[in-house]
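Novice:
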Ligand SMILES: [Cu+2]
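Numbering (our numbering), first residue to last: 1 to 204.
#1: Starting from the C-beta of residue 139, find all residues in its chain whose C-beta is less than 8 Å away, skip the five residues before and the five after it, and write them out in chain order.
#2: How about residue 97: is its Cβ closer than 8 Å to a heavy atom in ligand 1?
#3: Heavy atom of ligand 1 less than 8 Å from the Cβ of residue 160, yes or no?
#4: Is the closest heavy atom of ligand 1 to the C-beta of residue 122 under 8 Å?
#5: Suppose the cutoff is 7 Å on Cβ atoms and the five residues either side in sequence are ignored; what does the same chain contact list for residue 78 look like?
#6: My understanding is that residue 97 touches residue 125, with C-beta atoms under 8 Å, so please give their C-beta distance in whole angstroms.
#7: Given a threshold of 16 other Cβ atoms within 10 Å of its Cβ, counted over all protein chains shown, does residue 136 qualify as buried or as exposed?
#8: Helix, strand or coil for residue 143 per DSSP?
#9: Cβ-heavy atom distance between residue 71 and ligand 1 below 8 Å?
#10: In three-state DSSP terms, what is residue 204?
#11: For residue 99 and residue 182, which I take to be in contact (beta-carbon distance under 8 Å), what is that distance rounded to the nearest angstrom?
#12: Among all the DSSP beta bridges, which residues are the ones paired with residue 95?
#13: Please report how far the alpha carbon of residue 109 lies from the alpha carbon of residue 101, in whole angstroms.
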């Protein structure tokens with residue numbers, strides 16, 4: 001469904017593996033600070049440390065916290081698959097993606113994603129322009145939307161980050177750094193966005 005992002009996923013997986021190896025090799029109690037190496041230059045601005053960096057200099061005085069370490073719980077639901085009515089095609093409104101809370105402070109945000117539905121789902125975090133409304137993105141012939149600019153995704157059953165999709169009853173998670181602004185949280189599996197799997201997240 002999303003051939004292009006697969007490359008990025010492999011890249012991310014490779015980087016993750018590299019980091020893991022590095023961590024093992026280091027074996028000392030040194031904090032491994034993740035700096036996007038040359039391997040991630042292909043993804044352009046996608047992984048670029050956001051403009052929020054200047055606002056979160058390490059010069060935090062004792063007692064002063066980071067901008068935030070927020071948690072957003074995501075629930076992915078559907079009304080039970082294509083058995084209901086019609087044949088195969090999903091009906092608009094048959095699926096949903098809900099975020100709680102819908103507003104968080106900028107900084108590190110962890111998304112805990114639970115698939116409470118009956119088919120595979122996922123979470124993709126996309127920027128949302130101020131003039132843009134959720135659920136209004138154009139979709140292609142394959143009933144998916146453009147994921148350009150994605151800030152991350154949780155689509156690995158029982159794991160973190162990108163994967164092959166979150167199976168029914170399973171969970172996934174992803175931690176990203178979000179600058180103030182608006183974001184659209186979506187499930188971009190074929191036909192799911194148009195069936196209602198989108199939600200707005202406001203970051204202050
Ligand atoms: Cu979905």
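Heads up, the beta-carbon is just placed ideally off N, CA and C, and yes, glycines get one too.
Specialist: In terms of the structure at hand:
#1: 145, 193 and 194
#2: yes
#3: no
#4: yes
#5: When the five nearest sequence neighbours on each side are left out, the beta carbons in the same chain lying within less than 7 Å of the beta carbon of residue 78 are those of 94, 95, 117, 118 and 119, in order along the chain.
#6: Going by Cβ atoms, the distance from residue 97 to residue 125 rounds to 11 Å, so no, they are not a contact pair.
#7: exposed
#8: coil
#9: no
#10: coil
#11: The Cβ separation is near 12 Å, so there is no contact.
#12: 78
#13: 11 Å
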